[in-house]
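Per the numbering used here, the sequence shown starts with residue 2, numbered consecutively. These notes are about the structure you will find just below.
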Amino acid sequence: MPRNWDFGSDKRLFQMSRETVPVITIDGPAGSGKGTIAVKLASLLGYHYLGSGTLYRVLAWFSLHHQVEADDLESVLGMCETMQIRFETFGEDGEVRVWIDGQDISDRLRTEECALGASRLAMCQPVREALLEKQHGFRMAPGLVAEGRDMGTVVFPDARLKIYLTASAMERAQRRHKQLRKQGISASLDDLLAEIEARDARDKERAISPLRPADDAVRVDSTNLTIAQVVQHVAALVNN
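This is how it looks when you write it as structure tokens:
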């Protein structure tokens, strides 16, 4: 983690060194595959990986774990400063494990309680600002692949390459339906489609960091592409 890096007492040296590290951002709507693509691209390039949305789930879990109410802003901001987060990827599928303060909490982040807490925290501007520096801390040599909804527009506006990854709402609903069926969970495709369309609208219309492609982003539509094809395409853009 960045706190373990010793750049001496000269903060300007740390800032200059960090800003020279290349960053690739992948933004896009829910279900576009940005997480999977980002993990595989980071593995291919030997870069670090940042799943920005997970940070809000981590903070939500941390708040619950320490019995801190979401509206206790002072305490929440203090946790933003002190918690130490690490992402690790394993296996050919690029399974991501999330560690906080040396503890693997990956499975605990999948609860509905964490999801609701993360959504609430993401709407709080002071929290977003506090996590901004935390996200900047993932920018370490040799490089970083960061995925989310405002990586290229807000968090890393100087990124070397910005990708806006999307897919049709129906394609994203079908992917989610297939994923749930593999987990033995029954779900209506029509309901999933409606949920995705509603979430798209919320993400694009929210006042804080709305979902939109950066002006200099490369748009990639994954509707009719395999994961391997998308990774290959983005990797080719990196090498150009």
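Cβ atoms here follow ideal geometry from the backbone N, Cα and C, with glycine treated the same way.
Exercise for the section: With DSSP as the reference, label R98 as helix, strand or coil. Expected result: To locate residue 98, count along the sequence shown from 1; it is residue 97. DSSP places R98 in strand when its eight states are reduced to three.
Handout entry: Status (buried if at least 16 other CB within 10 Å, exposed otherwise) for I209
Key = Position 208 of the sequence shown holds residue 209. Exposed, by the Cβ-count rule.
Handout entry: Any beta strand (DSSP E) of 3 or more consecutive residues that is wholly inside the stretch 114-193
Key = 145-149, 162-167
Practice task
Answer with buried or exposed for T154, where buried requires no fewer than 16 other C-beta atoms within 10 angstroms of its C-beta.
Solution key: Locating residue 154 in the sequence shown gives position 153, where the first residue counts as 1. Buried, since its Cβ has 16 or more Cβ neighbours within 10 Å.
Exercise for the section: Take the Cβ of Q230 as the centre, count every other Cβ of all protein chains shown within 10 Å, and call the residue buried at 16 or more, exposed below. Expected result: As a working mapping, residue 230 is identified with position 229 in the sequence shown. Q230 is exposed by the Cβ-count criterion.
Problem - Distance, G54 Cα to V239 Cα - result: Residue 239 sits at position 238 when you count from the first residue of the sequence shown. Residue 54 sits at position 53 when you count from the first residue of the sequence shown. The alpha-carbon atoms of V239 and G54 are separated by roughly 23 Å.
Problem - Same chain, Cβ closer than 8 Å to L190, neighbours up to 5 away in sequence not counted - result: The residue you call residue 190 lines up with position 189 of the sequence shown. Cβ neighbours of L190 beyond the five flanking positions: A174, Q175, H178.
Exercise for the section: Classify G79 as helix, strand or coil using the three-state DSSP reduction. Expected result: In the sequence shown, residue 79 corresponds to position 78, counting from 1. It is helical.
Handout entry: Cβ neighbour criterion (16 or more within 10 Å) applied to P30
Key = What you label residue 30 is simply residue 29 of the sequence shown in a count that begins at 1. By the 10 Å Cβ count, P30 comes out buried.
Handout entry: Rounded distance between the beta-carbons of D151 and D28, thought under 8 Å
Key = Residue 28 sits at position 27 when you count from the first residue of the sequence shown. Residue 151 sits at position 150 when you count from the first residue of the sequence shown. Right, their Cβ atoms sit about 7 Å apart.
Problem - R58: first and last residue of the uninterrupted alpha helix (DSSP H) it sits in - result: What you label residue 58 is simply residue 57 of the sequence shown in a count that begins at 1. 53-66 is the extent of the alpha helix (DSSP H) around R58.
Practice task
Take W100 and list the residues in its own chain whose beta-carbon comes closer than 6 Å to its own, dropping the five residues that flank it on each side.
Solution key: Numbered from its first residue, the sequence shown carries residue 100 at position 99. Only R87 meet the Cβ criterion.
Handout entry: Boundaries of the beta strand (DSSP E) in which I25 is found, first to last residue
Key = Sequence index remark: in the sequence shown, residue 25 carries index 24 (1-based). Element bounds for I25: 24-28.
Exercise for the section: Determine the DSSP secondary structure at F8, reduced to helix, strand or coil. Expected result: One-based indexing of the sequence shown puts residue 8 at position 7. Interpretation of F8 is limited by its pLDDT of 33, a score under 50 that renders its predicted location unreliable; the figure taken from the coordinates is listed afterwards. Note: F8 maps to coil in three-state DSSP.
Exercise for the section: Reducing DSSP to helix, strand and coil, say where Q230 ends up. Expected result: Reading the sequence shown from its first residue, position 229 is the one you call residue 230. Correct three-state label for Q230: helix.
Problem - Range of the contiguous beta strand (DSSP E) that encloses V219 - result: Position 218 of the sequence shown, counting from 1, holds the residue named residue 219. Residues 219-222.
Exercise for the section: Go ahead and pull the three-state DSSP assignment for E89. Expected result: Counting from 1 along the sequence shown, the entry for residue 89 is found at position 88. Strand.
Practice task
Look at the Cβ atom of V235, then the Cβ atom of A142, and state whether they are nearer than 8 Å.
Solution key: Residue mapping note: residue 235 aligns to position 234 of the sequence shown, counting from 1. Residue mapping note: residue 142 aligns to position 141 of the sequence shown, counting from 1. No; because the gap between Cβ atoms is not below 8 Å, this pair is not in contact.
Exercise for the section: Use the C-beta contact count for T224: other C-beta atoms within 10 angstroms, 16 or more gives buried, fewer gives exposed. Expected result: As a working note, residue 224 is residue 223 in the sequence shown. Exposed is the call here.
Handout entry: Nearest candidate by alpha-carbon position, reference S169, set G149, A147, L181, D201
Key = As a position in the sequence shown, residue 169 is number 168, starting the count at 1. That would be D201, whose Cα lies nearest to the Cα of S169.
Problem - Terminal residues of the alpha helix (DSSP H) in which I106 lies - result: Working through the sequence shown from its first residue, we reach residue 106 at position 105. Here I106 belongs to no alpha helix (DSSP H), and DSSP marks it neither H nor E.
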